[in-house]
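Note that the protein sequences, when read in sequence, are chains A and B.
Going by my numbering, the first sequence opens with residue 1, and the numbers climb by one from there.
Going by my numbering, the second sequence opens with residue 372, and the numbers climb by one from there.
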Amino acid sequence: MKDLTHSADAATVEEALAASNHQGIVDSEGATALAMQNTLLTPRFYTTDFDELDAIDVSSVREDWDTLIAQMKSDPNKGHFKKNEDWDHIDWENMEPRLKAEFIDFLVSSCTAEFSGCVLYKEMKRRGNNEDIVTLFQLMARDEARHAGFINDALREAGIAVNLGFLTQKKKYTYFRPKFIYYATYLSEKIGYARYITIYRHLEKNPEHRFHPIFKWFKEWCNDEFSHGEAFALLMKTDPKLTQSFTNKLWIKFFLTAVYSTMYVRDHQRPAFHAALGVDPDWYAHEVFTKTSEISKQVFPLTLDIDNPRWERGLKKLQRANADLAEAKASGNVFKRLGAMARAATAFVGLYTIPAVKHDVPVSTRLEPAY
Amino acid sequence: MGLLTRDFETAPCLVEVSHCFDSLHAHVKFLNGAVINPGDEVQVQGPPVMAPYGEVVREERIARISRASKIEQLWTRMTGDFEFMELCEFSFSEEVSV
C-alpha cells in the first residue's frame, strides 16, 4: 500500500483510510464522521410533482427549444474545462489566511451549488417521462457535474478533499413545487451568469487582481449557466399563467428579492476575497442586479427597482441584522438573536414592498450572452 | 403510511459515485422501482462509498427508506420550497461570518 498524506489521492478505499488525514480512526463510525468533516459537500435532495413536469408541452416554443437543445447537445464547452498552460501555479501555503479562508469558502459553496443542481436535474431526468424535459435535464446535469469536477480540482490543489461519502448518511428529501423550480433555477442560473461574467470582465481589465487561474475559465462556464437559464425561460413561456397571474407575479417578486438580497448579504461576508479581486461589493452587487434584471425581462413581467433609495438602505439593514444574528448565534444570546431576526424580517419586508418596475415581455424569448 | 408514525422499508439500489475531473457526482437509483416522496429519508447501508480521485465507483447496495408520516409529508410540501437558495452559488454556509 502506498504511503499517502491525503485520502483524496488514494487509489483504493483501504489506502484512503490509511492516509494520514484518517489517522486515529479505529471504527467505521469514526471513519464516517471524519469523512463527512472532509466532505464539506452536503447537497439537498429533492422531489417535485413529476406528473406536472411531464405535462409540459413545449410545442408553442418548439423552434427555439429545438435550437437550444441542439446547441447543448453539440456540447461546445466539452474539453474547455481542462487545465492547460494558463493554469498558473498557486502558492496556497503563503496565501493570506483570511483570503484563503474566504476563497475556499467561495469554492466550496460554488461546488455545493453545482452539485445540488446536478442532483436535482438528475432526479428530474430519472423520474420524468416527457422526452423533451428528460433530455434537457440530462444535459444540464452533465454541465453541473462537470463544473463541480473542475472546482473540486481547484480545491484539491488547496489540500481540501471533497468526499462524496454522504450517501451513506441519512438524507431527507425535500419538496419543490415545479413552478418554484422554474423561478429559482432560472434566477440562480442567470444571476450566476451575471456574477461570473462581471468578475471575468473586471479581471480582463485588471489582470493584476487575478489571484487564481480559475477566473480565466469563468466566461465559458457562465455561458453554460446562461443556456440553462434560457431553457427555463422557454419552459415558463409554455404556460403564460406562470408569469402573468397576480399570485405568480407576487412569487416572482419574492424570488427576485430573496435571491438578490441573499447575494448582497453573502458577498459582504467575504471582504478579503473582494478586496483581493479589487472589487467593491456594493458596486459588484449593483452591476450584477442590473445585468440580471435586464436579462430577466425576457420572461418576467417585472423587475425590482434597484435604483430606489429604499433598496440600498434596506440591503444595508438586512446585512447588519444578519451580521448581528451570526454574532448572537455564536455567543448564544437568545434575546439578541430574536431581535436580529426581527430586524432581518422587517428589512426583507421593506425590500419586498418597494414598488416593482413593470414592463411588457417580448414575444420572442431567446437571448444570447451579451455582456 | 401513518398519520404521525414513520414506516420503514428497504430497497436494493445502485450507487454511482464519480470523483473525476470531468464529472463530480453521486447518485442513487432504486432497483425495485421504489418512489421517494417529500419528507422521506434515505440511507444507503454499509460503509461510505469512497471513490478515489479519477474513478467512478458503482456498487449495488441496500437502502433503508424511512417513510415520512402523513403530517410530515404535508409539512415538507408546504415548506420545502424555501430551501431553494441552496441552488445559488452564493448560498449560505455556516463557516463564515463578519
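C-beta: ideal position from N, C-alpha, C; glycine also.
No experiment lies behind these values; they were computed from the predicted model shown.
Residue environment for Val388/B: buried (at least 16 other C-beta atoms within 10 angstroms of its C-beta).
The Cβ atoms of Thr168/A and Pro419/B lie closer than 7 angstroms to each other. Boundaries of the alpha helix (DSSP H) harbouring Phe289/A: Pro281 to Ser296, taken from the DSSP string. Per the DSSP secondary-structure output, Arg429/B pairs in a beta bridge with Glu387/B. Between Ala285/A and Tyr264/A, the alpha-carbon positions lie close to 6 angstroms from each other. In the structure shown, Thr243/A adopts helical secondary structure according to DSSP, grouped into three states. DSSP, read as helix, strand or coil, puts Ser437/B in strand. Counting only the Cα atoms, Asp57/A lies some 17 angstroms from Ser364/A.
The beta carbon of Ala154/A lies closer than 7 angstroms to those of Leu107 and Ile214 in the same chain, with the five residues before and after it left out. Here Arg266/A is buried, its C-beta having at least 16 other C-beta atoms within 10 Å. Taking each of Leu277/A, Trp87/A, Asn152/A and Leu338/A in turn and checking the Cα distance to Lys205/A, the smallest one comes out for Leu277/A. Listed in chain order, the positions of the segment 170 to 193 of chain A with a beta carbon within less than 9 angstroms of a beta carbon of chain B are Lys170, Lys171, Lys172, Tyr173, Thr174, Tyr175, Phe176, Arg177, Phe180, Ile181, Tyr183, Ala184, Thr185, Leu187, Ser188, Glu189, Ile191 and Gly192.
Comparing alpha carbon positions, the residue from Gln298/A, Trp87/A and Gln269/A closest to Glu327/A is Gln269/A. Residues of the same chain with a CB within less than 7 angstroms of the CB of Glu443/B, apart from the 5 flanking positions on each side, are Gly410 in chain order.
Think of a sphere of 7 angstroms around the beta carbon of Ile407/B: the chain A residues whose beta carbon falls inside it are Thr47 and Tyr173, in chain order. Going by DSSP, Phe45/A is part of the beta strand (DSSP E) stretching over Phe45 to Thr47. For Lys253/A, DSSP records no beta bridge to any residue. Lys205/A has a beta carbon lying at 7 angstroms or more from every beta carbon in chain B.
Interface with chain A (7 angstroms Cβ-Cβ cutoff): Gly451/B is included. Taken through DSSP and simplified to helix, strand or coil, Gln269/A comes out as coil. Between Ser437/B and Phe379/B the beta-carbon gap is near 5 angstroms, inside 8 angstroms, which marks them as a contact.
Judged by beta-carbon spacing, Phe150/A lies within the 7 angstroms limit of Phe81/A, meaning their Cβ atoms are closer than that value.
Ranked by Cα distance from Val279/A, the first of Lys249/A, Gln319/A and Arg195/A is Arg195/A. Proximity of Ala342/A to chain B, defined by a Cβ-Cβ separation below 7 angstroms, is not satisfied. Taking each of His359/A, Thr262/A, Glu157/A and Leu242/A in turn and checking the Cα distance to Ser188/A, the smallest one comes out for Thr262/A. The alpha-carbon of Ser116/A is positioned some 20 angstroms away from that of Ala434/B. Note on geometry: alpha-carbon atoms of Phe254/A and Asp224/A lie some 25 angstroms from one another. The contact set of Ser394/B on chain A, defined by CB atoms closer than 9 angstroms, consists of Cys118, Arg142, Ala145, Arg146, Ala148 and Gly149 in chain order. Annotation: His396/B to Ala113/A spans about 12 angstroms, alpha carbon to alpha carbon.
In this structure, Pro369/A places its C-beta atom within 7 angstroms of the C-beta atom of Phe226/A. Taking 9 angstroms as the cut-off between beta carbons, the residues of the segment 230 to 258 of chain A near chain B are Phe255 and Ala258, in sequence order.
Counting only the Cα atoms, Glu208/A lies some 44 angstroms from Tyr173/A.
By the rule that beta-carbons nearer than 7 angstroms mark a contact, Asn77/A does not touch chain B. At least one beta carbon of chain A lies nearer than 7 angstroms to the beta carbon of Arg448/B. Asn152/A has a beta carbon lying within less than 7 angstroms of a beta carbon in chain B. If you compare the alpha carbons of Gly79/A, Ser60/A and Lys179/A with that of Leu53/A, the shortest gap goes to Lys179/A.
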